[in-house]
Amino acid sequence: MASYLPHCWQYYQTIDEHAPAHAIIIHFFPNFLGDEIYCKPEAKHLKQLFADAANGILFSGETIIKAKMIMQQMLYEKGLIRAALLLQLLDLMAGSPTAHQLSSPGCNIIESSNEANNINNVFEYIFKNFRNNITLEEVAAIIPMSSSAFCRFFKSKTGRTLTAFIKELRIGHASKLLLEHTHNVSEACYNSGYNNISNFNKHFKETHGISPKQFLKRYQMSDTDEI
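Sequential numbering from -11 applies to the sequence shown in the numbering used here.
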């Protein structure tokens, strides 16, 4: 992730509910080797990697396995060896065929660390409370701003209204519950912040283009095909 990109890590303990969360985070300046390096043909792909990072990048498959090994090794090295491992990690990510950008370009219009802190505080509050009723006034008070000023601020930074953002988060969570086969449609509805099944079905179809039951049936068929 590039500088000032709003984000929030969520750990659902779906693999092991008793295992604690563990993360390795690497902070570095894009020009830590100097700006001249990007003029070299060998580093052309790094420049593109940093440009794509403005929207956040998700990796999967073999890239994750190799990246994990490099990052764990970096914990025990110092000096130039650690810097060399960082270059190896960046080269791995820049050449990964599984790279997937996470957000649209409009989501990275953060101009200062203060703005980043404000939007991250808002995200954190929403992520913790999306199952409850959230009002515009209480979210705007986090920054704080007037309701009208907050609406303009939030839309300019995320490309979405607060209502649309909360809807996407709730439907995304409900979809996760359905795919894990831990909740039926009604349970997924009420565990995602909805108190009306009709409204839930409407929002779900607006997001996915199909009803929750059709969504569940489609992915159940996909699982069967893979077996």
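C-beta atoms are modelled at their ideal positions from N, C-alpha and C, and glycine is treated no differently.
Whole-angstrom C-beta distance between Y178 and R158, which should lie under 8 Å
The residue labelled residue 158 in the question sits at position 170 within the sequence shown. The residue labelled residue 178 in the question sits at position 190 within the sequence shown. About 11 Å; that fails the 8 Å criterion.
Quick check on DSSP: helix, strand or coil for I215?
Here residue 215 corresponds to residue number 227 of the sequence shown, with the count starting at 1. Only weak support exists for where I215 lies, its pLDDT of 41 falling under 50; the coordinates are left without a value.
Buried or exposed: which applies to L34, given that a residue is buried once 16 or more other Cβ atoms fall within 10 Å of its Cβ?
Within the sequence shown, the letter at position 46 stands for residue 34. The C-beta of L34 has 16 or more other C-beta atoms within 10 Å across all chains shown, which makes the residue buried.
So which of A72, F142 and F115 has the shortest CA-CA distance to F20?
Position 32 of the sequence shown, counted from the first residue, corresponds to residue 20. Considering only alpha carbons, the answer is A72.
Alpha helix (DSSP H) segments (min. 4 residues) lying fully within the stretch 114 to 175
Counting only runs of at least 4 residues, the stretch 114 to 175 fully encloses the following alpha helix (DSSP H) elements, listed from N- to C-terminal order: 124 to 128, 135 to 146 and 150 to 167.
With distances taken between CB atoms, is the gap from A162 to S180 smaller than 8 Å?
Here residue 162 is taken as the residue at index 174 of the sequence shown, counted from 1. Here residue 180 is taken as the residue at index 192 of the sequence shown, counted from 1. The answer is yes: Cβ separation under 8 Å.
Which value, in whole angstroms, describes the spacing of the CA atoms of E214 and A137?
Here residue 214 refers to the residue found at position 226 when the sequence shown is read from its first residue. Here residue 137 refers to the residue found at position 149 when the sequence shown is read from its first residue. With a pLDDT of only 45 at E214, under the threshold of 50, the placement of this residue in the model should not be trusted; the figure read from the coordinates follows. So the two alpha carbons sit approximately 50 Å from each other.
Nearest-angstrom Cβ-Cβ length linking I45 and A87, presumed shorter than 8 Å
Along the sequence shown, read from residue 1 onward, the residue named residue 45 stands at position 57. Along the sequence shown, read from residue 1 onward, the residue named residue 87 stands at position 99. Between I45 and A87, the beta carbon gap of about 5 Å places them in contact (Cβ cut-off 8 Å).
Answer with buried or exposed for M62, where buried requires no fewer than 16 other C-beta atoms within 10 angstroms of its C-beta.
Taking the first residue of the sequence shown as position 1, residue 62 is located at position 74. Burial call: buried.
With a threshold of 8 Å on Cβ separation, who are the neighbours of F47 within its own chain once the five nearest residues in sequence on each side are excluded?
Mapped onto the sequence shown, residue 47 falls at position 59. Around F47: A55, M81, S84, T86, A87 and H88.
Determine the closest residue to L(-7) out of A11, D40 and G22, with distance taken between C-alpha atoms.
As a position in the sequence shown, residue -7 is number 5, starting the count at 1. Checked all of A11, D40 and G22; the closest Cα to L(-7) is D40.
When we look at the beta-carbon of N106 and count the other beta-carbons within 10 Å, is it buried (16 or more) or exposed?
What you label residue 106 is simply residue 118 of the sequence shown in a count that begins at 1. Burial call: buried.
Determine whether the beta carbon atoms of N43 and S(-9) lie at a separation below 8 Å.
For the purposes of this step, residue 43 is taken as residue 55 along the sequence shown, with counting starting at 1. For the purposes of this step, residue -9 is taken as residue 3 along the sequence shown, with counting starting at 1. In this structure, N43 keeps its C-beta atom at 8 Å or more from the C-beta atom of S(-9).
Cross-strand partners of L46 (DSSP beta bridge):
Working through the sequence shown from its first residue, we reach residue 46 at position 58. Bridge pairing for L46: H88 [DSSP].
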